[in-house]
Amino acid sequence: MRIDRPLIAAVCAASMMLFGAASAPGTGYTLIDQAGRSVTVPADPARIISLAPNITEILFAVGAGDKIVGVSEYSNYPPDAAALPMVGTYIKPNLEAIISLSPDLVIGTADGEKRAEINRLASLGIPVYIINPRTIAGVISTVREIGRLTGREREGEATAAEMTKRIAAIKERLAALPPATVLLVLNTNPLITINDNTFQDEMIRTAGGRNIAAGESIRYPTLTYEEVVVRAPEVIIMTTMSPDEDYRSVTREWSRFPTVPAVKNGRIYVIDSDIIDRPSPRIVAGLEELARLLHPEAFGKVSGGTR
Amino acid sequence: MRLGTKIGLSVLILSGVAAVAVVVSLAVGTAPIGLLEVVKAFVSPDRVPPEVLTIVRSLRLPRVLMALAAGGALSVAGVVFQAILKNPLADPFILGVSSGAALGTVIGSLVISVPSYLGGALPAFAGALVTILIVFYVARIKERLYPNTMLLVGVIINAFFSAAIMAIVSLFRSNGLQGIFFWLMGDLSLVSMTEVAVVSAVFLVGSVVVFYYARPMNLLLFGEESAASGGVDVERTKRVLFVAASVMTAAVVSAAGVIGFVGLIIPHMIRMVLGPDHRVLIPTSILLGGTFLLVSDTVARTVVSPLELPVGVLTALLGAPFFVYLLRRQM
Chain A
1 MRIDRPLIAA VCAASMMLFG AASAPGTGYT LIDQAGRSVT VPADPARIIS
51 LAPNITEILF AVGAGDKIVG VSEYSNYPPD AAALPMVGTY IKPNLEAIIS
101 LSPDLVIGTA DGEKRAEINR LASLGIPVYI INPRTIAGVI STVREIGRLT
151 GREREGEATA AEMTKRIAAI KERLAALPPA TVLLVLNTNP LITINDNTFQ
201 DEMIRTAGGR NIAAGESIRY PTLTYEEVVV RAPEVIIMTT MSPDEDYRSV
251 TREWSRFPTV PAVKNGRIYV IDSDIIDRPS PRIVAGLEEL ARLLHPEAFG
301 KVSGGTR
Chain B
1 MRLGTKIGLS VLILSGVAAV AVVVSLAVGT APIGLLEVVK AFVSPDRVPP
51 EVLTIVRSLR LPRVLMALAA GGALSVAGVV FQAILKNPLA DPFILGVSSG
101 AALGTVIGSL VISVPSYLGG ALPAFAGALV TILIVFYVAR IKERLYPNTM
151 LLVGVIINAF FSAAIMAIVS LFRSNGLQGI FFWLMGDLSL VSMTEVAVVS
201 AVFLVGSVVV FYYARPMNLL LFGEESAASG GVDVERTKRV LFVAASVMTA
251 AVVSAAGVIG FVGLIIPHMI RMVLGPDHRV LIPTSILLGG TFLLVSDTVA
301 RTVVSPLELP VGVLTALLGA PFFVYLLRRQ M
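Sequence lines, in order, name chains A and B.
Here the first sequence stands for residues 1 to 307, numbered as in my numbering.
Here the second sequence stands for residues 1 to 331, numbered as in my numbering.
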C-alpha cells in the first residue's frame, strides 16, 4: 500500500494544532495548585516567570534561579534577581511582557488582585501555578513543592530541612521564657498593626512575643495611640520597606507616651519588612532577628534600639 | 459648507486619523514586534511565532477595539448629558454612574466575594444600573425630569457612594485594594473579546438612538419651551437620551473602569471647531473620542513599560493642555 506522506504530515500537523503543546510526548503532568486549580505543568520547566518577590527567593533558594526568565518588580533578593527582566508589579503583572518571554511555567501567589490576570494567562495556554503559604509550616512545604516543580527536589528538601532545624533551635532557646508583649507597626500615621489572623502574628508568637492587637476583628486594624498606652507593649517593632526611612523622627513621636514600657525602656526597633512578611526562606532570619529583639536575655546583646 | 459635505468630510478625516492610530497602537508595546510581523499576524497567522500571535491578537487587539468603543461611547454620553442637563461641566459620570459601579465592584469583591467566573463586570454593571434608577426616580417630579434636580441628585449620590466605599474599604482593609484603585482610574489591560463585543453592541445601539434624536437635541439648545413649540416631545426625548447615555456609560465603566475626562472635553473640542449642530457633533465626537482614548491607552502602556499607568491619568495629562489651548484660541 502506498502511504501518502503529505497527507500524514497534514494530519499530524492538524492534530498538533488541535491538542497543542500539552500533548507533546511525556513532557507534562497535571496537579492541583495551592489555590485548588488544576494545572498541567511541564516535567522539567526551563523558562520560569515569578510573579512575586517571595517566589523569586524560593526559586533561587532551591537552585532554580538559572531557570528564571522574568520576575515581578521588587524581586530584590538575592541580588542576582534584580538583573532579570521585569514583568510588571506584584499587583499588576504585564501580560505582554510575560508572553514575549515564552515561559513554560508561571508561578504566582493567591493574594493581590491578580485573579483576572492569572485567568487570562491560563486561557492563553500558559501554565500558571499558584502558591498560597499562609503559615510558617506552609512556607516550608511550599519550598519543597517548588523544588519538586522545578526538578530541584533534593535542594528543596535540603532548604526545608535547614529551615526546620533553625526554627527548632529558636523554639528551644525560648521554651522556658514568658512571651514579651509587642506592638508591630506596619504604618505610623495612621497607626496600622496586625491581628492574629496574619502571617506576621505567627512570626511574633514563634519568636517569643505576644501581639497586643491579636484579638482585633480586622486583619490590619488601625489602633489609636490611646489604645497603645492602655495595652502598654513591652516592645515596639516597626517594619520598614526602606531602611533609610526617617527612623529618628518616628521614634521621637513615641517619646510623647513615656508610660508605655517599650518607650520607657528604649525598646523600639526597626526591622526589614522583607524578612518578616515575605513568605520566603528568609523568614528564618526574620524569626532569629525578632527573637533577639524580644528576648535579648536568651540571645545576647541587641544593637540598635532607642537606647 | 453644506451640512452633508461638512459631516462627510470631517468623518472621513477623523476616520483616517483613527485608522493610523489603530495601526500604530497594534505595532507598539512592551514586546518589540515589527510592523511587518503585526500585519502577518492577521494575514498569514501560521507564519509568525505563537507568542507574537497571542500578543497582537489576544492582548493588543481587544484593547485597541475597546479603546475605540469606550472612547466613542463616553464621548457621545458626554454630548447627551451636556445637552439634557444644559450644563457645560456635565460628563458621563456626573449623575453618579461611576461611583455606583465602583460601589458594586467593592461590594462584589470584598463583601460577598462574587465567584471569579462572573468576573468583575457584573457587580459593576448592577451598581451602575441601580444608580441610574435612583437618579431617574428621585429627579422625576410629576412626570418631568428637572435638569437641576438630576444634577443635585447625582452630586449627592456620588458623595454618598464614595463615603460608602471608604467605609467598606476601612472595614475590610486588604491588600487586594490596590487593584480597585487602579480600576477607579480606568484600566483596559485585561479586556477580553467578549467584553469588547458587549460594549460595542451597547455602544452601537446607543449611538444610533442618540443620533436619531440629533434634531430634537438641536432644538433643546434654545430651551425646553421653544423645543416644545418646535414640535419636540421634550420629556420623552430627555428620558430616552438619559437611559441611552447612562446604559452606555454603565457598560464602559463595568468593562474598563472609570476613564475620566474623555466624555467632558471631546464634545467641547468638536463644538469649538465644528460648531454645536448635533448631527455633526455626534458622529465626530464618537470618532475623536475613540481615537483620543486609543492614543492615551497606547501611551499609558508604553511610556513606563513594563509597568503601566492608569489610562485615566493619561487622558487628563494629554487632554487638559490641548483643551486649554483650544479654549484660549477661541477667545
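No residue lacks a Cβ here, since even glycine has one placed at the ideal position from N, Cα and C.
Rounded distance between the beta-carbons of residue j and residue i, thought under 8 Å
i, j, result
"B:V258", "B:A102", "7 Å"
"A:S280", "A:I58", "6 Å"
"A:I107", "A:Y129", "5 Å"
"B:F81", "B:A245", "6 Å"
"B:D297", "B:A124", "Going by Cβ atoms, the distance from B:D297 to B:A124 rounds to 19 Å, so no, they are not a contact pair."
"A:T239", "A:I271", "6 Å"
"A:Q200", "A:L184", "6 Å"
"A:N197", "A:R219", "5 Å"
Residue i - containing alpha helix (DSSP H), residue span
i, result
"A:N211", "Where A:N211 is concerned, there is no enclosing alpha helix (DSSP H), although the beta strand (DSSP E) it sits in stretches over G209 to N211."
"B:Y325", "V311 to Q330"
"B:L26", "L3 to A27"
"B:T237", "V234 to A256"
"A:P281", "Here A:P281 belongs to no alpha helix (DSSP H), and DSSP marks it neither H nor E."
"B:G100", "V97 to V106"
"A:Y90", "First-last for A:Y90: undefined, no H or E at that position."
"A:Y77", "Segment: none, A:Y77 is in no alpha helix (DSSP H) and carries neither H nor E."
"B:S285", "H278 to T302"
"A:Y269", "Counting along the chain, A:Y269 falls outside any alpha helix (DSSP H), though it belongs to the beta strand (DSSP E) covering I268 to D272."
Rounded C-alpha distance that separates residue i from residue j
i, j, result
"B:A21", "B:F242", "31 Å"
"A:R173", "A:V229", "30 Å"
"A:S100", "B:A31", "6 Å"
"A:T206", "B:A159", "45 Å"
"A:A168", "A:N132", "23 Å"
"A:N187", "A:L294", "20 Å"
"A:I236", "A:A298", "18 Å"
"B:F136", "B:D277", "27 Å"
"B:E224", "B:P283", "24 Å"
"A:P85", "B:S10", "45 Å"
"B:A255", "B:N87", "27 Å"
"A:R267", "A:A176", "22 Å"
"B:L327", "B:I270", "12 Å"
"A:A137", "B:P62", "42 Å"
"A:S72", "A:V87", "5 Å"
"B:A70", "B:G289", "8 Å"
"A:L290", "B:F323", "56 Å"
"A:T255", "A:P296", "The sequence given here has Ser at residue 255 of chain A, not Thr. Cα to Cα, the separation comes out at about 22 Å."
First through last residue of the beta strand (DSSP E) which encompasses residue i
i, result
"A:L31", "G28 to I32"
"A:G108", "L105 to T109"
"B:Y212", "From DSSP, B:Y212 is part of no beta strand (DSSP E) but of the alpha helix (DSSP H) over M193 to Y212."
"A:M238", "V235 to T240"
"A:Y129", "V128 to I131"
Beta-carbon neighbours of residue i, restricted to chain A and to distances below 8 Å
i, result
"B:E308", "G88, K92 and N94"
"B:T30", "N94, E96, A97 and S100"
"B:L171", "I218"
"B:E51", "I99, S100 and S102"
Within-8 Å CB hit, residue i to chain B
i, result
"A:A97", "yes"
"A:L223", "no"
"A:R231", "no"
"A:R47", "no"
"A:L124", "yes"
"A:A116", "yes"
"A:R120", "yes"
C-beta neighbour in chain A for residue i, strict 8 Å
i, result
"B:T105", "no"
"B:I55", "yes"
"B:E37", "no"
"B:S350", "What is shown of chain B runs 1 to 331, which leaves residue 350 of chain B out entirely."
"B:V313", "no"
"B:S116", "With a pLDDT of only 45 at B:S116, under 50, the local geometry of the prediction cannot be trusted, and the value read off the model is given with reservation. Yes, its Cβ sits closer than 8 Å to a Cβ of chain A."
Partners in chain A for residue i, counting only beta-carbon separations shorter than 7 Å
i, result
"B:L188", "Result: empty, since nearest Cβ-Cβ is about 12 Å, beyond 7 Å."
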